[in-house]
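According to this note's numbering, the sequence shown is numbered sequentially starting from 119.
Built from N, CA and C at the ideal position, the CB exists for glycine as well.
All figures in this text were calculated on a predicted structure; none of them were measured in a lab.
Remarks on the structure that follows.
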Amino acid sequence: MKLQLSIEVNTMISVQRTNPTAPNDHYVRMTSEAIWRLTLQHRSSEITVQSPCEGFTQWIARIDKKLLSVSWDWVRLDDGALVQPVPRIVLSNVMMVDAFGCDRGMDLTGAALQAVVDSTDWKPTVAKVCWSAVSKNH
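And the structure:
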C-alpha cells in the first residue's frame, strides 16, 4: 500500500462549518461587502487615562437580529486632535467570511473593520466625552 501526500505551499487553510450562520463561538459572520455596508452607531466612550486624555469607544450595529460590537482605543493629542494610537487595533465580534462561508481570519477582518472605522465620523462624538470630562476636573 502506497500513500501519497502532496502539500501545496502558500495555500490558505480555512475552516468551513456545516452551518456558518450558527457557530458557537459568538462571532457574527459577514462577507467583506456586508462589512463595508455597516452603519455604526455610538454605544459608549470612556476615558481610561485623564492626562493625556485617553480611552476607548464602542460602536454597534444590528444585522438580522444580531448585535455587532466594534471598539477601538483613542488618544487626544496636545493640539486637541483625536487619533487611534499605533498600532491601530479594532476589537469586534465580527468575522469576515468568503463566498463559501469560510473564515477569512482576524487580520483581514481587522483590516476591513479599520476601513469602516476610518470612514466613520467618530471623533466629534468622542470629543464630547473627552471635553466634558476635562471640564469637570477643572
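Where the beta strand (DSSP E) containing residue i begins and where it ends
i           : result
residue 179 : 172-181
residue 162 : 159-167
Neighbour-count burial assignment, residue i, 16 or more Cβ in a 10 Å radius
i           : result
residue 91  : Outside the modelled stretch of the chain, which goes from 119 to 256, sits residue 91, for which no answer is possible.
residue 236 : exposed
residue 180 : exposed
residue 169 : exposed
residue 163 : buried
residue 250 : exposed
CB contact flag (residue i, residue j, <8 Å)
i           : j           : result
residue 207 : residue 190 : yes
residue 167 : residue 212 : no
residue 241 : residue 209 : no
residue 248 : residue 165 : yes
residue 204 : residue 231 : no
residue 244 : residue 148 : no
Boundaries (first-last residue) of the alpha helix (DSSP H) holding residue i
i           : result
residue 191 : Run containing residue 191: none in the alpha helix (DSSP H); it sits in the beta strand (DSSP E), 184-194.
residue 212 : Here residue 212 belongs to no alpha helix (DSSP H); instead the beta strand (DSSP E) covers 212-214.
residue 235 : 224-237
residue 153 : 150-154
Distance cut-off 7 Å: residue i Cβ against heavy atoms of the ligand FMN
i           : result
residue 249 : Among the components of this structure there are no ligands whatsoever, and the ligand FMN is therefore not found.
Contact belief for residue i with residue j at Cβ below 8 Å, rounded distance in angstroms
i           : j           : result
residue 234 : residue 185 : Contact flag wrong, Cβ pair sits at about 16 Å.
residue 155 : residue 171 : In fact, because the Cβ distance is near 32 Å, the residues do not count as touching under 8 Å.
residue 177 : residue 238 : 7 Å
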